[in-house]
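In the working numbering, the protein residues as written are 149 to 250. Every residue, glycine too, gets a C-beta built ideally from N, C-alpha and C. Values in this document were obtained by computation on a predicted structure and should not be read as measured data.
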Amino acid sequence: MKCVCTLLENGASHCLCRMSFSSIELENRQRWENPLIGWCSTGDPLSNISMNLKFASKEDAIAFCEKNKWTYEVEKEQVRHITPKSYGSNFSWNKKTRISTK
149 MKCVCTLLEN
159 GASHCLCRMS
169 FSSIELENRQ
179 RWENPLIGWC
189 STGDPLSNIS
199 MNLKFASKED
209 AIAFCEKNKW
219 TYEVEKEQVR
229 HITPKSYGSN
239 FSWNKKTRIS
249 TK
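In structure tokens form, the structure reads like this:
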């Protein structure tokens, strides 16, 4: 869980915490375009379930899969590393995207 706390003008502090949730992604089966309406059709009854399956922890997701006798694979969470830079670096002239017209 990641928490960010800020100090307000009146001296009180405000904390915002975000939890990372585990989710299940199901393999999609064949899809086709419906010739009558033009919508996307599928023969997969589980295609809409994966959008709503979210769990508070990895253990809850594993327990759900084991309860329904599904095979599962746990992927390691990837951590993003963002290098801090200044706002002015977006407009610097020594970027490779800038092309001189002279």
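- For residue 209, count neighbouring Cβ atoms within 10 angstroms of its own Cβ and tell me buried if that reaches 16, exposed if not. Locating residue 209 in the sequence shown gives position 61, counting from the first residue. Buried, by the Cβ-count rule.
- Among 206, 234, 217 and 185, which has the Cα closest to the Cα of residue 223? In the sequence shown, the residue the question calls residue 223 occupies position 75. Closest option to residue 223, Cα to Cα, is 206.
- Going straight from the alpha carbon of residue 180 to that of residue 229, what length do you get? Here residue 180 corresponds to residue number 32 of the sequence shown, with the count starting at 1. Here residue 229 corresponds to residue number 81 of the sequence shown, with the count starting at 1. Taking the straight line from one Cα to the other gives about 39 angstroms.
- Item | Cα-Cα separation, residue 241 to residue 231 | Mapped onto the sequence shown, residue 241 falls at position 93. Mapped onto the sequence shown, residue 231 falls at position 83. Whole-angstrom Cα-Cα distance: 20 angstroms.
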